[in-house]
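Input: a single structure, listed below in structure tokens.
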Amino acid sequence: MVDEVTASDAQSQSASPEREGEAAADYLEGLLDIIDADGDIDIDMEGERTQVSVIEVNEGDLGLLVGPEGDVLAALQDLTRLAASQETGERSRLMVDIAGHRAKQKEALQKAAEGAVAEAQRTAAPVSMSPMNAFERKVVHDVVAEAGLVSESEGEDPDRRVVIRTS
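Just so you know, we're using the working numbering here: the sequence shown kicks off at 2 and counts up by one.
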């Protein structure tokens, strides 16, 4: 059996990230209106993922949407993914960043991962990092792979962590 892909199928598949981003932006704009906060919304692609960023207009306006440990941001991302999925009819893997929090978090994780890679190379022993969520582990795995080492996630959430090995 041969699957046929029509031009309209191809167009709807390629438009999916755009539709996903627009649905997420609409959801986040509605939320900003509800809490009476100002923010500019930027939609980009990072690899195969839609990245939706809310850029702070007035300093301190968006802190509540991040939360003390980024927990509110994580929950907001889940809700935004649900809204986008409902709109597009497809599972959403988009990433949400509020006031640059995720970008700063990613930079700090990359530095920590580079330090762990250096330790693994220096000692030739496995290096176990502290427990992390899926986003954080992905950042670490990417840094480790780029350095030519091996990493794997061990344990169960919320104590799941990355272990780095030289081979």
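The beta carbon of each residue, even a glycine, is placed where N, CA and C say it ideally should be.
Query	Result
Strand pairing of residue 40, partner residues [DSSP]	57
First through last residue of the alpha helix (DSSP H) which encompasses residue 93	Where residue 93 is concerned, there is no enclosing alpha helix (DSSP H), given that its DSSP letter is neither H nor E.
Distance between residue 129 and residue 105 (C-alpha atoms, nearest Å)	22 angstroms
Beta bridge counterpart(s) of residue 81 as assigned by DSSP	DSSP, once it has assigned bridges, lists no residue as partnering residue 81.
Residue 56 versus residue 125: straight-line alpha-carbon distance, rounded	42 angstroms
Under 7 angstroms between C-beta atoms of residue 100 and residue 63	yes
Sufficient close CB pairs (3 or more, under 8 angstroms) joining the region 32-47 to the region 104-123	no
Whole-Å CB distance - residue 95 paired with residue 82, under 8 angstroms assumed	6 angstroms
The region 35-42 in contact with the region 73-93 per 3-pair CB rule at 8 angstroms	no
Spatially closest choice to residue 139 from 17, 114 and 167, by CA coordinates	114
Cβ distance (whole Å) where residue 164 is taken to contact residue 141 below 8 angstroms	10 angstroms between Cβ atoms; not a contact.
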